[in-house]
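Going down the list, the sequences are from chains A and B. Take any residue in the first sequence, count from 1 to its spot, add 133: that is its number in the numbering used here. Take any residue in the second sequence, count from 1 to its spot, add 1: that is its number in the numbering used here. Structure, as C-alpha cells:
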Amino acid sequence: MSVTLALPSKGRLKEKTLFLLQEAGYKVQLPADKRNYRARVSNEPDIDILFLSASEIAYELGSGTVDLGITGEDLLRETIAHPEKCTEIKLPLGFGYADVVVAVPDIWYDVYNMADLDDIAADFRQQHGRCLRIATKYWRLTQKFFSQKHGIQVYRIVESAGATEGAPAAGSADIIVDITSTGATLTANGLRMLDDGIILKSQTCLVASCLHGMHRKIDQICTRIKKALCFLERNSPST
Amino acid sequence: MKPALSLLDRRPYPILAACKIHEVKAAAEAAFNYFSKNGLTVSEFSILQPAEPFLNMAGEDLRRRIFMTTSDNGDSLCLRPEFTIPVCLKHIASGHTTPQHYAYGGEVFRQSCDANSSFYQAGIEEFGAANETEADARSLRYATTMLRHIAPTRDITILIGDHAIFAAMLAALKLPDGWQKKMRRCFGNNKQLRTLLSELSRPMQSPSLPHTVSKLITHGHVQALAEFIEEQMLNTGICPSAGRTPQDIAARLIEKQAIADLHLDSVVLAALEDFLSINVSLDKAEQTLNYFAARHDLALEDVITLFATRIKDIDNRGLDLTELRYNAAFGRPLDYYTGFVYEIRNSGHKLQVLAGGGRYDRLLTMLGASIPIPAVGFSIWLDQL
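In C-alpha cells:
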C-alpha cells in the first residue's frame, strides 16, 4: 500500500525537509522539470511525494487526501475545524519556530495585556463609531483566543492575505494577529506583542492524517525520520 | 430575551427535544391569535438579512453561530438569528413616527451543537414610548399574558433585573470609571464578575514605560503627553486620527496611573456582595433596596424611585407582585441593555428560558437612527411551549 507524503513546495522549509528525508535514508528523486510537483523515492517505491504550499498540506491532511505531511502547527490549527480529531502530530521537527501573537501599535503605551485590550474594544464603538479591527489570516485562532479565552466580543476581523504587519500603519486595521519568530518585523512596523498575547507557539511538524487509520508504513516513516532527527541533534555544532 | 443578547449569553441554550412541528404550529397560531386579539399588526421580515448589523452589534464570535452566505454582488447575508435587529432596521428605514409597536413571529436560525438549527420565536417590541416605566410594565404584561395565552397550564417563574440600579450603585460607591465600566460589562455574567472582583482585589503590576512617558504621566500633563504620543505616531507612520487618538491614549494612561495603587477594599467588596445577593419578591424590592442603600450609606434615591414607579405600574397592570422575583445580580451582558430586563422561565430544576425581554435604549442609535429612540421588547421561544 502506498503512502502519500506532502512536502512544502518552496523556500527554506523545502530545503530543510528534503535534507531531513535524505538523512533518514530516503533518496528523493526530484523531477527533471522543476514545475512538476510530484517526486518519487528511488529506494522506497511505495512512497509518493507531493509538493504543496504549507497551508494546502494542512487542508489535505484534514480531508485525508494525503497520509503524511510536513507543515506548521499554526496552519494545522487554523485550517482544520477539529485538528485533534482528524490529524495527529507525530513529531515536532525543531525548525520553522514561530508564534502566533496579538500585537498592538507600540505607541499604545496604555495597552500591555488582553485585559487592557478588552477595555479598549468595549469603548471603541462609542469613541470611534466602529468596532476595533484586527488584521489577520488566522480567523479561527483569533476568534478562539479573543472570544472563548478572553471573553472579548465586540471586534471585527479584517482578512489579510499578506504583509499583515503593515495594516495598522495603512489604516486598514487597529491591531494584528500574526506569526512572528524573532519579533523583528513587528518592531520594524512599530508594533509590540502583548504580555499575554501568545496564542500559539508553533513549529514545523510531521503530521499524519487519521481519517484512513494508521498503517505500518506510516509508523515506519515516522520512526525513521525521528531517528534521523535525533542523530542530527546529537551532532549539531551548537551542542 | 432580546434574542441578540441570547446569542452572546454564555448560558447553555436549552436543548430541544426533536422538534414536533405540529406542536410548534399550534403555539405559533396561538401567538398570532394573541396579536390580533390585542389589535397588533404583524410585521413581516425577510429570512435572509444583511449580516453586517448582527456582526457589528454582537461581535465576530457570532459568525460561528449564524448561517452566512454571500449575495451575487458580494454582500454578506445571513439567515436571521433573531428579530430585534431586523425590527430596528425596518423602523429606521421606514421613518415611522413613534410610539410604534411591532409584533412578529417566525423561524430563526442558529448553529448549535445538537441537531436543531431552527427555532420559532414570537414577540413584541415598542419604540419611542414617552413614559419609560409604563412601557416597561406594558412589555412585561404583554410577555406574561401572551405566554399564558399560548401555554395556559405552564408553571412559570418571572425574574426581574435592572442594569440601571447596578450602574448607579457602582457610581455611588465612587469606584474609578474604568472599574465601573469593567463591572458593567460583566453584569449578568456571574462567573466573569467574580473573576473581575478577585482581580481588582489584588494590587496591579504596572508595566515599565519609556522614561519620558512615565515622567509626563507622573506630572499629569495630559496635553504634553498627547503631543509626545502624536509625534511618535507620526514618526512610526501610524495615523493619529484613524483609530485611537493621542488624546485617547494619554487620557487612559493618566486614568490607569490614578488607579495603579488602588485595589478593591473589603468595605466596597462587602457592599457589592450584599447587593448581588438581593433576591426578593417584587413587592419587597423597594424596601430591600432602600434598606441596602441606608446600610451602606449610598445615594440611590433616584434609581430606586424610578424602580418603585415601575413596580407600581406593573402592579396597576394586574400582575401579582408576589409572583415576580427581583434578583439584583440578574442582567443581560450586552452593551445596549440599559435598564429593566426580565426573563420568564420554566419552574423546576432544569433552567429553561421561555421568554426574555428588556429595555435597550442604545440599540437604535447604534444601528444608525438619527435621534435616540427608547425601546423595550421581548421574544418568546415557541419551541419551548
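Don't be surprised by glycine CBs; every beta carbon is placed ideally from N, CA and C.
Chain A within 8 Å of B:Met69, Cβ atoms only: no
CB A:Ile312 to CB A:Asp243, shorter than 8 Å? no
CB of A:Gly340 within 8 Å of CB of A:Leu209, strictly: Residue identity differs from the one stated: residue 340 of chain A is Val in this sequence, not Gly. For A:Val340 and A:Leu209, yes; Cβs fall inside 8 Å.
Are the C-beta of B:Lys182 and some C-beta of chain A separated by less than 8 Å? yes
Starting from A:Thr204, follow its DSSP beta bridges and name the residues at the other end. A:Cys338
CB contact check: A:Thr372 to chain B, cutoff 8 Å: The predicted model places A:Thr372 with a pLDDT of 46, which falls under 50 and marks its position as unreliable, so this point remains unresolved.
In the DSSP assignment, find the unbroken alpha helix (DSSP H) run with B:Asp316 in it and report its ends. Glu302 to Asn317
Where do the ends of the alpha helix (DSSP H) carrying A:Ser188 lie? Ala187 to Ser196
Residues, ordered as in the chain, of the segment 274-290 of chain A that lie near chain B by beta-carbon distance below 7 Å: Gln276, Ser280, Gly284, Gln286, Val287, Tyr288, Arg289 and Ile290
Using the beta-carbon count (16 or more within 10 Å), is B:Ile372 buried or exposed? exposed
Exposed or buried, what is A:Gly202 when buried is set at 16 or more other beta-carbons lying within 10 Å of its beta-carbon? buried
Using a Cβ-Cβ cut-off of 6 Å (strictly less than) and excluding sequence neighbours within five positions of B:Val304, which residues of its own chain qualify? Ala165, Ile166 and Ala169
Among the residues of its own chain, which have a CB less than 6 Å from the CB of A:Glu211, if the five just before and after it don't count? Tyr271, Arg273 and Leu274
Would you verify that the beta carbon of B:Ile230 is, or is not, closer than 8 Å to some beta carbon of chain A? yes
Quick check: what's the CA-CA separation for A:Gly284 versus B:Ser72? 31 Å
Length-filtered (3 minimum) beta strand (DSSP E) runs lying within the segment 275-342 of chain A: 288-292, 308-313, 324-335 and 337-342
Between B:Gln233 and chain A, is there a C-beta pair that is closer than 8 Å? yes
So, with DSSP's three-state summary, where would you put B:Ala169? helix
So which residues on chain A does B:Asp249 lean against when the C-beta distance must stay under 8 Å? Gln260
Along chain E, in chain order, which residues have C-beta atoms closer than 9 Å to that of B:Asn57? The structure shown contains no chain E; its protein chains are A and B.
4 or more residues per run - each alpha helix (DSSP H) lying fully within the segment 236-271 of chain A: 247-261
Could you check whether the segment 121-140 of chain B touches the segment 152-160 of chain B, counting it as contact only if at least three pairs of C-beta atoms, one from each stretch, sit closer than 8 Å? no
Roughly how many whole angstroms lie between the Cα atoms of B:Cys20 and B:Ser118? Interpretation of B:Cys20 is limited by its pLDDT of 48, a score under 50 that renders its predicted location unreliable; the figure taken from the coordinates is listed afterwards. In a straight line, the C-alpha of B:Cys20 is about 10 Å away from that of B:Ser118.
For B:Arg139, the nearest candidate out of B:Leu355, B:Leu386, B:Tyr343 and B:Gly369 (CA to CA): B:Tyr343
Backbone CA spacing between A:Arg266 and A:Ser293 [nearest angstrom]: 11 Å
So the candidates are A:Ala157, A:Ile190, A:Thr137 and A:Asp207; which of them puts its Cα closest to the Cα of A:Leu333? A:Asp207
Note down the Cα distance separating A:Thr220 from B:Phe120, rounded to an integer number of angstroms. 34 Å
Measure from the alpha carbon of B:Pro204 to the alpha carbon of each residue in B:Ile255, B:Ile250, B:Met234 and B:Asp262, then state which is nearest. B:Asp262
Quick one: which residues of the segment 71-86 of chain B get their C-beta closer than 7 Å to a C-beta of chain A? List them in chain order. none
For chain B, find out if any of its Cβ atoms is closer than 8 Å to the Cβ of A:Asp200; answer yes or no. no
So what does B:Trp180 bridge to, in DSSP terms? In the DSSP output, where bridge partners are listed per residue, B:Trp180 has none listed.
Taking the alpha-carbon of B:Glu108 as reference, which of B:Ser37, B:Leu160, B:Thr306 and B:Lys26 has the nearest alpha-carbon? B:Lys26
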